[in-house]
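So the structure is just underneath, and the comments pick up after that.
2 protein chains.
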Amino acid sequence: MSRILIVDDEVSIRAVVREYAEFEEYEVDEAENGMEAVEKCRANDYDMIIMDVMMPKLDGYSASKEIRRHKNIPIIMLSARGEEYDKLFGFEIGVDDYVVKPFSPKELMARVKAVLKRGRTENASSRERLKFEGLEIDLAGREVYVNGQKASMTPKEYDLLFYLVRNINLAMTRDKLLEAVWGYDFFGDDRTVDTHIKMLRNSLGEYRKFIVTLRGMGYKFEADAH
Amino acid sequence: MSRILIVDDEVSIRAVVREYAEFEEYEVDEAENGMEAVEKCRANDYDMIIMDVMMPKLDGYSASKEIRRHKNIPIIMLSARGEEYDKLFGFEIGVDDYVVKPFSPKELMARVKAVLKRGRTENASSRERLKFEGLEIDLAGREVYVNGQKASMTPKEYDLLFYLVRNINLAMTRDKLLEAVWGYDFFGDDRTVDTHIKMLRNSLGEYRKFIVTLRGMGYKFEADAH
DNA sequence: CGTAATTTTCACAAATCCGTCACGAAACTC
DNA sequence: GAGTTTCGTGACGGATTTGTGAAAATTACG
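Those sequence lines, one after another, are chains A and B. First residue of the first sequence: 46, per the numbering used here; consecutive thereafter. First residue of the second sequence: 46, per the numbering used here; consecutive thereafter.
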């Protein structure tokens, strides 16, 4: 679920926004001013920031600018009426949306949803591509390359490999793998995992070495020195 | 340059928006109501629509929905204060932004710019023709050429192809395709996608090879080495 | 209102994958 | 090093998934 940071110097506003946001099942954190927001963003990962423009210590614009230097988080600005010039300026530093005070919490939530949705589809192209020596894994494209050559795999092989890689260097029991890759409603044989590990290893060719057997336990994807 | 269609029943509003839009060097066309907007969109290509919600004959929501069935044009809605319920609904049918009346023309223009910019980066250049070997795709003109010859396709085939191409090399599940191409309110069979993929492949002739089946997953448009 | 075009569903064939089993190899225990 | 447990693997029948043609339903448009 998405985590949201609410930045405003007024407690009452933070409280209202928090209430609505938690109703929508967002995880909420608060900051009292721009300075605190910058610090919190350095320490934590948020999916979105809702920030007032006028605040003591560090205003919303400056805080946004500072945060954006390190992280590309969507930001919705709250501002008082009649700050038109500021609005335009806001769009230029890349604020994702504006809501004018006094705002309706429902409207704010609709915009939060829209911006989060927008971000999600855009980020789908920020393709994660993992590389271990000559083994390349394209999660978004659902493809695996062995020494530059596409390795064709069955769905279960992909799922299994992706799960192991997502939990890199972590020991995975057969039960855990069955639950995660096959689903909680699979009631078959433990050893089914073995068979698929076998096939996955064959598909990986020389990079089968990354799939390590943990006797009496299960398997893991190990990417350390070999 | 971008072409904008302004849809509002009040002459004065159309005039104001036209003035500002032409100052920004957009090409402007007008429609008096939703019905006229739908017709004009069928006949011409616009890069964006600015549309009032309340209009005689056909309201903004219904018009948007109708237009979106055939063309994926960004839409900014204008609405009077206090139509909160409608707003939420509006975001769900995929309106790109909202501006509340009475609006400031400057703000409206800033949003137009933002939405157009967003669209351009998403479309990876909206006016450009994409070329994959002998397969040419004209996103703006909504046309596809196979070895220089225009390929006639049904609207759904276009939509499906365009969506796959916009998400090139990305694995797409049937559900994702249904939601994106058919709309969130489609409650039919998954396999409908398969049938349209079949027809799309036939239309693409030898370039059917770009449409790759991802067993157990869905499909993708793959433009890598073959 | 009627015809044509498009979309959707359905059924069946073809392709592919999955889960189980059996047996031998490897590893661990004592 | 014999016994025991665990793992690797090939094979096979059944289960899933996909491709496709055709019928049915819906929609577009004169």
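Where is the CB? At the ideal position from N, CA and C, for every residue including glycine.
Name the two residues that bound the continuous beta strand (DSSP E) containing residue i.
i	result
E188 of chain A	E188 to V191
T258 of chain A	I256 to L259
V73 of chain A	E72 to A76
Y264 of chain A	G263 to F266
M80 of chain B	Not the beta strand (DSSP E): M80 of chain B falls in the alpha helix (DSSP H), residues G79 to A88.
R48 of chain A	R48 to V52
I182 of chain A	L180 to D183
I95 of chain A	M93 to D97
Can you tell me the Cα-Cα spacing of residue i and residue j, whole angstroms?
i	j	result
P119 of chain B	Y208 of chain A	38 Å
P200 of chain A	M262 of chain B	8 Å
N214 of chain B	F231 of chain B	25 Å
D104 of chain B	C86 of chain B	15 Å
L180 of chain B	N117 of chain B	21 Å
E70 of chain A	W227 of chain A	28 Å
K102 of chain B	M96 of chain B	14 Å
L206 of chain B	E55 of chain A	49 Å
S107 of chain A	I94 of chain A	14 Å
I121 of chain A	E188 of chain B	37 Å
K110 of chain A	E84 of chain A	13 Å
N247 of chain B	A225 of chain B	22 Å
E267 of chain A	D234 of chain A	25 Å
Y89 of chain A	K158 of chain A	The question names Tyr, yet the displayed sequence has Asn at residue 89 of chain A. The straight-line gap from Cα to Cα measures roughly 21 Å.
Which word fits residue i, buried or exposed, when buried means at least 16 other C-beta atoms lie within 10 angstroms of its C-beta?
i	result
A60 of chain B	exposed
S57 of chain B	exposed
S124 of chain A	buried
N78 of chain B	buried
Y252 of chain A	buried
L259 of chain A	exposed
F68 of chain A	exposed
N212 of chain B	buried
N168 of chain A	Here the model assigns N168 of chain A a pLDDT of 39, short of 50, so the residue's position is not dependable and the matter cannot be decided.
M46 of chain B	exposed
S197 of chain B	exposed
Y229 of chain A	exposed
R236 of chain B	exposed
Nearest to residue i by CA position, among the options, is which residue?
i	options	result
E64 of chain A	A:S149, A:M80 and A:D92	A:S149
L222 of chain B	B:V191, B:V189 and B:Y264	B:Y264
M217 of chain B	A:E202, A:G186, A:R211 and A:E67	A:G186
S53 of chain A	A:N89, A:E81 and A:G250	Checking the displayed sequence, the identity of residue 53 of chain A turns out to be Asp instead of Ser. Out of A:N89, A:E81 and A:G250, A:E81 has the C-alpha closest to the C-alpha of D53 of chain A.
G250 of chain B	B:A225, B:D90, B:D74 and B:Y190	B:Y190
Need the endpoints of the alpha helix (DSSP H) that residue i sits in, please.
i	result
I242 of chain B	T237 to L249
D274 of chain A	Because residue 274 of chain A is not part of the residues shown, which for chain A are 46 to 271, the question remains open.
R211 of chain B	P200 to R211
A196 of chain B	Counting along the chain, A196 of chain B falls outside any alpha helix (DSSP H), though it belongs to the beta strand (DSSP E) covering Q194 to A196.
F232 of chain B	It is not in any alpha helix (DSSP H) - F232 of chain B carries neither H nor E in the DSSP assignment.
Between residue i and residue j, which are expected to be in contact by the criterion C-beta below 8 Å, what is the C-beta distance as a whole number of angstroms?
i	j	result
I112 of chain B	E75 of chain B	With 8 Å as the limit, I112 of chain B and E75 of chain B do not qualify as a contact, their Cβ atoms being about 15 Å apart.
L175 of chain B	L161 of chain B	Contact flag wrong, Cβ pair sits at about 19 Å.
E40 of chain B	L245 of chain B	No answer is possible for residue 40 of chain B: it lies beyond the span of chain B, which begins at 46 and ends at 271.
Check whether the Cβ of residue i sits closer than 8 Å to any heavy atom of the ligand SAH, and report yes or no.
i	result
M244 of chain B	Absent from the structure shown: the ligand SAH. Ligands present: none.
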